[in-house]
Amino acid sequence: MTFSSLGLSEPLLRAVAERNYTTPTPVQVDAIPAVLRGGDVWASAQTGSGKTAAFALPILQRLAAGRRERGRFVRALVLAPTRELAAQIGESFRLYGRWLPEPIKILVVYGGVSINPQMMALGGGADVIVATPGRLLDLIDHNAVSLGAVSTLVLDEADRLFDLGFSAELNRILALLPARRQNLLFSATFPPEVEALATGLLRDPVRIEVAAATTTTPDILQRAIEVAPPRRTQLLRHLIEENKWTRVLVFVATKYATEHVAEKLRKAGISATAFHGELSQGARTQALAAFKASQVQVLITTDLASRGIDIAQMPVVVNFDLPRSATDYTHRIGRTGRAGESGLAVNFISASTHAHFRLIEKRNGFSLLREQLEGFEPEELEVPADPTGGIKGKRPNKKDKARAAAAKAAGQEPPPPAAKEKKFSWPRVR
Ligand code: AMP
């Protein structure tokens with residue numbers, strides 16, 4: 003299978019060749035002809051599957067062949083959940099469209115930065131807008147843009163749009179779109195909200211399922227290492243030095259932990275930087291750029307970086323803290339082993355997260371050998387408060403917090419402290 007056999011035009015084939023893509027990925031094989039035909043597409047494809055090119059290339063081709071709009075109109079609208087993903091998609095459109103005879107105007111708009119330059123840039127409309135939902139609505143409220151001529155809508159990482167609480171924004175945006183349009187929906191997972199959205203939105207879609215989640219991709223080697231929590235930074239440092247890892251993405255549970263672990267590594271002479279949602283947009287962009295340019299060896303992040311961010315050659319991902327859900331696990335380890343490269347995903351498992359990891363394994367249909375490394379073998383540990391763990395882990399989720407707040411408001415006593423310590427032996431799972 004080649005790109006030219008998918009019906010793409012010469013200028014786009016030239017851009018693809020320039021990116022050194024020799025063969026289309028499975029999602030591209032199915033989606034490109036379907037999008038070129040103008041129909042709706044419903045694809046379950048992960049970041050890393052080549053899905054951006056799967057929609058950007060045919061959209062560019064249709065825009066190049068179609069009629070220009072005048073005024074503040076937009077022809078193709080791509081909604082993405084995070085600024086980083088939006089920026090990345092915009093960049094892909096620019097790269098793929100660079101040889102088209104007539105320039106295609108592509109704009110990326112997201113919140114967290116001043117709205118004025120985006121309003122100025124929107125003067126005269128745009129062929130493609132890649133936007134996060136909140137900022138797009140701000141621009142609409144400022145009369146800077148109109149969605150009345152959108153001919154193609156892309157919802158990228160639709161599941162994540164819901165995770166991040168964008169459903170109200172999404173509904174407002176959908177109501178502003180013309181009824182006759184092409185809809186393309188990409189999502190790694192299909193929770194009920196996405197199923198409902200897809201059913202209501204898509205007309206006779208071409209259904210594309212790209213085989214298997216990243217967890218079963220043979221290109222990603224997964225490891226589970228048992229370690230006592232206080233020794234994790236030392237273990238991380240040991241692994242980095244021992245294996246001469248040059249580029250490592252480390253996931254932790256909190257913003258504080260990103261700073262804390264980064265600081266400890268820096269003290270040990272390893273260049274590390276924290277990446278989380280409370281950094282300014284400038285600091286986020288800078289941290290990511292330094293990491294991509296290999297000026298920083300270790301990027302320590304919360305789940306902010308677990309989806310969408312495309313960093314070429316990301317050989318190692320470490321779950322210093324485990325993700326809350328099996329789906330988040332898939333997204334995190336999907337940062338590595340992208341587009342055919344091989345990758346390594348390392349999980350740190352402690353007594354209190356042991357059961358939680360079992361559930362992640364079960365839900366994702368795999369089972370890993372538990373390893374212990376010399377010098378880092380965990381001692382017998384105290385039993386965790388909830389030894390059965392649970393897929394949401396011990397940390398309070400939104401509901402727990404709401405319940406706690408309700409109890410407090412009702413003047414009730416806080417729950418009694420956890421049962422007194424018992425000794426815990428490591429269950430062997432082989
Ligand atoms: P995506 O899933 O869109 O985030 O793409 C993941 C990565 O795969 C990006 O770095 C793309 O540049 C790359 N890519 C997309 N299509 C191909 C292809 N056909 N061959 C090789 N790499 C590709």
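Residue numbering for the sequence shown follows this note's numbering, starting at 3 and increasing by one per position.
C-beta atoms are modelled at their ideal positions from N, C-alpha and C, and glycine is treated no differently.
Remember, it's a predicted structure, so these values are computed and weren't measured experimentally.
A contact is defined here as three or more CB-CB pairs under 8 angstroms, and the segment 174-189 meets this definition with respect to the segment 131-141.
Burial is judged here by how many other beta carbons sit within 10 angstroms of a residue's own beta carbon; L241 has at least 16 and is buried. In the structure shown, the three-state DSSP call for D42 is coil. Inter-residue distance for F75 and A123 is about 13 angstroms (C-alpha atoms, whole angstroms).
In the structure shown, the three-state DSSP call for A82 is coil.
Relative to the non-hydrogen atoms of ligand 1, the Cβ of P26 comes within a distance shorter than 7 angstroms of at least one. Below 8 angstroms, enough C-beta pairs join the segment 71-90 and the segment 150-162 to call them touching: three or more.
L371 counts as exposed, since fewer than 16 other beta carbons sit within 10 angstroms of its beta carbon. The Cβ-Cβ distance between I222 and A347 falls below 8 angstroms. Residues of the same chain with a CB within less than 7 angstroms of the CB of F322, apart from the 5 flanking positions on each side, are R234, L238, V252, F253, V254, V263, F350 in chain order. In the structure shown, the three-state DSSP call for R239 is helix.
For S169, the uninterrupted alpha helix (DSSP H) run begins and ends at 169-178, by DSSP.
Inter-residue distance for G52 and E381 is about 44 angstroms (C-alpha atoms, whole angstroms).
Looking only at G68, L87, Q120, the smallest Cα-Cα distance to E104 is reached by G68. Comparing alpha-carbon positions, the option among S6, E376, A276, A45 lying closest to D206 turns out to be A45.
For L187 against L203, the beta-carbon gap comes to about 7 angstroms, under 8 angstroms, which counts as contact. Looking at the DSSP output, T275 shares a beta bridge with L301.
Within the chosen limit of 7 angstroms, ligand 1 does not reach the beta carbon of S46 with any heavy atom.
H358 counts as buried, since at least 16 other C-beta atoms from the protein chains shown sit within 10 angstroms of its C-beta. Sorting E379, T24, I335 by C-alpha distance to the C-alpha of V229 places E379 at the top. Of the residues assessed, R286 falls on the buried side of the cut-off, its CB having 16 or more other CB atoms within 10 angstroms. The three-state secondary structure of D161, taken from DSSP, is helix. If you draw a straight line from the Cα of H278 to the Cα of A259, it comes to about 10 angstroms.
Residue L14 holds the alpha-carbon nearest to the alpha-carbon of N22 among L14, P28, V29.
Closer than 7 angstroms to some heavy atom of ligand 1: that describes the Cβ of Y23.
Of the residues assessed, S94 falls on the buried side of the cut-off, its CB having 16 or more other CB atoms within 10 angstroms. A heavy atom of ligand 1 is found nearer than 7 angstroms to the CB of G52. Straight through space, the alpha carbons of A270 and Q374 are spaced by roughly 23 angstroms.
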